[in-house]
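Asker:
Numbering (our numbering), first residue to last: 2 to 148.
1) Could you give the DSSP three-state label for residue 146: helix, strand or coil?
2) In whole angstroms, what separates the C-alpha of residue 13 from that of residue 24?
3) In three-state DSSP terms, what is residue 122?
4) Quick check on the DSSP output: the alpha helix (DSSP H) that includes residue 59 runs from which residue to which?
5) What is the rounded straight-line gap between the Cα of residue 22 and the Cα of residue 60?
6) Distance, Cα to Cα, residue 93 vs residue 54?
7) Which whole-angstrom value describes the C-beta separation of residue 49 and residue 33, a residue pair presumed to lie in contact below a C-beta threshold of 8 Å?
8) Let me know the secondary structure DSSP gives residue 23 once reduced to three states.
9) Identify whether residue 162 lies in helix, strand or coil by the three-state DSSP scheme.
10) For residue 98 and residue 146, what's the separation of their Cα atoms in angstroms?
11) Could you give the DSSP three-state label for residue 16: helix, strand or coil?
12) Alpha carbon to alpha carbon, what distance is there between residue 77 and residue 64?
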């Protein structure tokens, strides 16, 4: 019997030690995680949150791809616009050169052209006035010749 009493005492001591250790571990846990039900509820909440975060990550990844595509298209359009601008600048330089050449052909330089520019708005009216005077002069000469 002594053997049984000693074994029972050892078992009780081991059980008390295990309970004390369990109590220490449970006390170290946050208040809301001290029961198995609370742990299950917390795990489910974390899994829901993880799913939501995964979905949000997927949406953000899709938006990032879309933005990258827009950026790529915008960069391509920018390069096309730069090429168009460069082509336009070349056409402007050519037109300016052609203009100077044409001025030279008619005996003008840029300063002479600028001096004449103020008369451009009245050019049609002046032309009509000269034509009318010429027509009047022709009519007067015919009248003079006719006896």
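Even glycine gets a Cβ: it sits at the ideal position worked out from N, Cα and C.
Answerer: This is what the structure gives:
1) helix
2) 16 Å
3) helix
4) 37-106
5) 46 Å
6) 57 Å
7) Rounded, the Cβ-Cβ distance is 16 Å, inconsistent with contact.
8) helix
9) The chain is shown only over 2 to 148; residue 162 falls outside these bounds and no answer can be derived.
10) 52 Å
11) helix
12) 20 Å
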